[in-house]
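Heads up: the structure comes next, in structure tokens.
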Amino acid sequence: MGKYQYGCKKATYGTMDPATGAMLTPKELEIYKDTISHDDGESTATKHYQQGNNNAKVIRYSVADETITFQILKVDAEEKLAWLGGTVTDVEGLKTWHKPKKKLPTNKFLHFDLEDGSAIITPNMSCMAQLKNDINDEAVVTITVVATVQDTGIENVEAFSWPDAPED
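Sequential numbering from 1 applies to the sequence shown in the numbering used here.
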């Protein structure tokens, strides 16, 4: 399919309740430029031919990953801990984030309310985050997240839902 950008009015994240699929401990996200990118990937076909025959005998399809990419504006110690891992220490009210020894993905429930009134709801995303420290002309430090859709493991809870905007 392709990669598309959407305006985001509100974004929340939390963890998925493994029994019900509901979002636990929701927190609001401050998304840079109020924009997310959705990439549902391109499936690839591998064709297998019999010698001497121009027509494929068997075609196998592999499904591409579906991802949502966004940048987080709030980069305090607690937000770094939530997305990048590591530890946070608090000495006399000064919180300090300590980078983890190994970068690992985190699993998050993500909910995006889009500008057109619809929403993207993804209960079990594998999120890989990276701190972007390159202070440019805009002087913006962000956490860039690439979130990949995963199965919820719950029969009646879809991995990716996109309800339409409510009718007026």
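Beta carbons: idealized from backbone N, C-alpha and C, even for Gly.
By the CB criterion at 9 Å, Y6 and L114 fall inside the cutoff.
Counting other Cβ atoms within 10 Å of its Cβ, K80 reaches 16 or more and is therefore classed as buried. With 16 or more neighbouring CB atoms inside 10 Å of its own CB, I143 falls in the buried class.
Looking at the DSSP output, W97 shares a beta bridge with V88. Taking all protein chains shown into account, Y61 has fewer than 16 neighbouring C-beta atoms within 10 Å of its C-beta and is therefore exposed. In this structure, A165 places its C-beta atom within 9 Å of the C-beta atom of D116. Under DSSP, the beta-bridge partners assigned to I59 are K47. Membership of G14 in the beta strand (DSSP E) is indicated by the continuous run K3 to M16.
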